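Visitor: Residue numbers (this note's numbering), protein chains in the order written: chain A, 92 to 338; chain B, 92 to 338. Cβ coordinates follow ideal geometry from the N, Cα and C atoms, glycine included. Bear in mind that the values here come from a model prediction, so they are computed numbers and not experimental data.
Number of protein chains: 2
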Amino acid sequence: MKKNYRAILQYEGTSYQGWQKQTSTDNTIQGKLEKLLSTLEGKPVEVHSSGRTDAGVHAYGQVISFLLECDKTEKEIMDYMNQYLPMDIGVISLVQAGDRFHARLNATGKIYRYRVLNSSIPHIFDRRYVHQIEEPLDKEAMKKAMGYLEGTHDFKAFTSKKNSKKSTIRTIHQIEMEEKGEELIFTFYGDGFLYHMVRILMGTILEVGLHQREAESIPLLLEEKERSLAGFLAPAKGLALMKVFYD
Amino acid sequence: MKKNYRAILQYEGTSYQGWQKQTSTDNTIQGKLEKLLSTLEGKPVEVHSSGRTDAGVHAYGQVISFLLECDKTEKEIMDYMNQYLPMDIGVISLVQAGDRFHARLNATGKIYRYRVLNSSIPHIFDRRYVHQIEEPLDKEAMKKAMGYLEGTHDFKAFTSKKNSKKSTIRTIHQIEMEEKGEELIFTFYGDGFLYHMVRILMGTILEVGLHQREAESIPLLLEEKERSLAGFLAPAKGLALMKVFYD
Chain A
92 MKKNYRAILQ
102 YEGTSYQGWQ
112 KQTSTDNTIQ
122 GKLEKLLSTL
132 EGKPVEVHSS
142 GRTDAGVHAY
152 GQVISFLLEC
162 DKTEKEIMDY
172 MNQYLPMDIG
182 VISLVQAGDR
192 FHARLNATGK
202 IYRYRVLNSS
212 IPHIFDRRYV
222 HQIEEPLDKE
232 AMKKAMGYLE
242 GTHDFKAFTS
252 KKNSKKSTIR
262 TIHQIEMEEK
272 GEELIFTFYG
282 DGFLYHMVRI
292 LMGTILEVGL
302 HQREAESIPL
312 LLEEKERSLA
322 GFLAPAKGLA
332 LMKVFYD
Chain B
92 MKKNYRAILQ
102 YEGTSYQGWQ
112 KQTSTDNTIQ
122 GKLEKLLSTL
132 EGKPVEVHSS
142 GRTDAGVHAY
152 GQVISFLLEC
162 DKTEKEIMDY
172 MNQYLPMDIG
182 VISLVQAGDR
192 FHARLNATGK
202 IYRYRVLNSS
212 IPHIFDRRYV
222 HQIEEPLDKE
232 AMKKAMGYLE
242 GTHDFKAFTS
252 KKNSKKSTIR
262 TIHQIEMEEK
272 GEELIFTFYG
282 DGFLYHMVRI
292 LMGTILEVGL
302 HQREAESIPL
312 LLEEKERSLA
322 GFLAPAKGLA
332 LMKVFYD
């Protein structure tokens, strides 16, 4: 009888080709997890996450689910995983879940965080986790841009995926900006995010902060739905998946 | 006319063979700095620090001094260093100092920090900076041990250096322990520390916390002055030089 497990995963994305397993490389988070759990189980195990993260993106609260037949306890499975996973991947909680729980299909919301270091001085201990910008940033203009982006919109201009037939309408409940020393920490809370969406939102907000575009250009962007009109793809290393919500 | 400079340096020690330059490797902090400044100056430049740090030890506030003839401004020298130093070494301030300032000879005190993660769960984002201990630690016993170590003592038992004719008497003004989530952060403030001294102090305090020795054994240790009676050498990665004091 297979049991369904739900776990919270942390990883530093720096060394990986992102979440999703690939045939061309075994250097993905999903690849590492499936290999390990398949060894434990003695047969192939599939691991689902709340969603893919790009190469270089970090996770503090990624949620995964998988089925196992083995009769180990929750603690034994978690300890086994933490013993054999690479040092930059860790399981911080693991519990048995209802049979119908699925980390991606049941997710109802997510929080991503993007860290910008606005300084000319390096913060070497944070170098893997912040995007550094030396030029001054106009915080008021960025807040205005953030306001235009909140709400339910068609975010087609804010994804790198082309010609998908799936809906590109999403709801951003809130975008916040917190100042912490020389850092600006942006938090994106929404019901879901398209491929590259947070990084393109961030790139667009930063272009407003750098006075390379007007905050007022954003409503038009949302209307035109054209990727080439939106901002640059902000670097992966500044981004982290913080929390996934379920009902 | 040479000018004397004083700078505050940060580095992540993980990838280096410590501060001090060596003939066998160029992978030292001092080696990297001297090579860079010698290129800037067009002739050999010697860089002094407040003291050596071991391989793997980090610095948030190492102080260095060096003489340069070049006519660049303070900001230009600092920017040049940050541009060409490896990503895990950074200069956070640089000013011209009096001719007689010497980073090591003028130092009057130092603060070191040691981070212990007391958990069975990995904190993957801190893995390079904490020493993880899964077993419970007796905080009251450790505080008692810390109290015995404060003050002016002959710390000969707490150094790996043998047969030096130099004095091994030092004053520890204060040892503090702060709890922060699952971390115990130890702060050592003293007038100076011998080779390996903080790591052996920490190893001894941790052995008390693990009930492998009594806090009351410490006065005898200080009296016997015998390295083999003191605790283990706590791992380098938990240690960081935080601040150096000058009059």
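#1: Please check if any C-beta of chain A sits within less than 8 Å of the C-beta of N173 (chain B).
#2: For M268 (chain B), write down the residues that DSSP places opposite it in a beta bridge.
#3: M178 (chain A) touches chain B at which residues, Cβ-Cβ below 8 Å?
#4: Using Cβ-Cβ distances below 8 Å, what residues of the region 102 to 126 of chain A are close to chain B?
#5: Interface residues of chain B around I183 (chain A) at Cβ under 7 Å?
#6: Let me make sure I understand the geometry here. Which of A:H193, A:V289, A:Q113 has the alpha-carbon closest to that of D338 (chain A)?
#7: Taking the C-alpha atoms as reference points, what is the distance between K126 (chain A) and I309 (chain A)?
#8: For the beta strand (DSSP E) that contains G181 (chain A), what are its first and last residues?
#9: Excluding sequence positions up to five away, which residues of its chain have a Cβ less than 6 Å from the Cβ of I120 (chain B)?
#10: Starting from S156 (chain B), follow the beta strand (DSSP E) in both directions and report where the run begins and ends.
#11: Hey, quick one: how far does the beta strand (DSSP E) through L100 (chain A) stretch, first residue to last?
#12: Grab me the residues of T116 (chain B)'s own chain with a C-beta within less than 6 Å of its C-beta, minus the 5 sequence neighbours each way, in chain order.
#13: List the whole-angstrom C-beta distance separating V219 (chain A) from S140 (chain A), where the pair is believed to meet the contact cut-off of C-beta under 8 Å.
#14: Looking at the structure shown, is Q378 (chain A) part of a helix, part of a strand, or coil, going by DSSP?
#15: Count the other CB atoms within 10 Å of the CB of K247 (chain A); is the residue buried (16 or more) or exposed (fewer)?
#16: What does the alpha-carbon distance come out to for the pair D229 (chain B) and L176 (chain A)?
#17: Any C-beta of chain C sitting closer than 8 Å to the C-beta of A194 (chain B)?
#18: Give a yes or no on contact between the region 168 to 175 of chain A and the region 140 to 156 of chain A, applying the rule of three or more CB pairs nearer than 8 Å.
#19: In chain order, what residues of the same chain lie with their CB nearer than 6 Å to the CB of S210 (chain A), ignoring the 5 residues before and after it?
#20: On the DSSP bridge list, what partners appear for A331 (chain B)?
Guide: Answer, in terms of the structure:
#1: In the second sequence, the residue the question calls residue 173 (chain B) occupies position 82. For N173 (chain B), the nearest CB of chain A lies under 8 Å from its own CB, placing it at the interface with that chain.
#2: Residue 268 (chain B) sits at position 177 when you count from the first residue of the second sequence. Beta-bridge pairing by DSSP links M268 (chain B) to B:F277.
#3: The sequence position of residue 178 (chain A) within the first sequence is 87, counting from 1. Residues of chain B passing the Cβ test: P213, I215, R218.
#4: Residues Y102, E103.
#5: On the first sequence, residue 183 (chain A) is found 92 positions in, with the first residue counted as 1. When 7 Å is used as the limit between beta carbons, I183 (chain A) is near these residues of chain B: I212, in chain order.
#6: Translated into the one-based positions of the first sequence, residue 338 (chain A) becomes position 247. Among A:H193, A:V289, A:Q113, the Cα nearest to that of D338 (chain A) belongs to A:H193.
#7: Locating residue 126 (chain A) in the first sequence gives position 35, where the first residue counts as 1. Locating residue 309 (chain A) in the first sequence gives position 218, where the first residue counts as 1. Roughly 44 Å separates the two Cα atoms.
#8: Within the first sequence, residue 181 (chain A) is the residue found at index 90, counting from 1. Looking at the DSSP string, the run of the beta strand (DSSP E) that includes G181 (chain A) is 180 to 188.
#9: If you number the second sequence from 1, residue 120 (chain B) lands on position 29. Cβ contact annotation for I120 (chain B) (same chain, cutoff 6 Å, sequence separation greater than five): Y102, Y107, W110, in chain order.
#10: One-based indexing of the second sequence puts residue 156 (chain B) at position 65. For S156 (chain B), the uninterrupted beta strand (DSSP E) segment begins and ends at 149 to 159.
#11: Position 9 of the first sequence, counted from the start, is the residue given in the question as residue 100 (chain A). If you look at L100 (chain A), you'll find it in the beta strand (DSSP E) that goes 94 to 102.
#12: Here residue 116 (chain B) refers to the residue found at position 25 of the second sequence. Only Q108 meet the Cβ criterion.
#13: Residue numbering aside, residue 219 (chain A) sits at position 128 when the first sequence is read from its first letter. Residue numbering aside, residue 140 (chain A) sits at position 49 when the first sequence is read from its first letter. Here residue 219 (chain A) turns out to be Arg, not Val, going by the sequence shown. With a Cβ gap of about 21 Å, R219 (chain A) and S140 (chain A) do not count as contacting.
#14: For chain A, the structure presents residues 92 to 338; residue 378 (chain A) sits outside this window and is missing.
#15: Sequence index remark: in the first sequence, residue 247 (chain A) carries index 156 (1-based). With 16 or more Cβ atoms within 10 Å of its Cβ, K247 (chain A) is classed as buried.
#16: Reading the second sequence from its first residue, position 138 is the one you call residue 229 (chain B). Reading the first sequence from its first residue, position 85 is the one you call residue 176 (chain A). Put simply, the backbone Cα of D229 (chain B) is about 30 Å away from that of L176 (chain A).
#17: No chain C appears in the structure shown, which is made up of the protein chains A and B.
#18: Touching, no.
#19: As a working mapping, residue 210 (chain A) is identified with position 119 in the first sequence. Around S210 (chain A): E273.
#20: Looking up residue 331 (chain B) in the second sequence gives position 240. Its beta-bridge partners are B:H149, B:R204.
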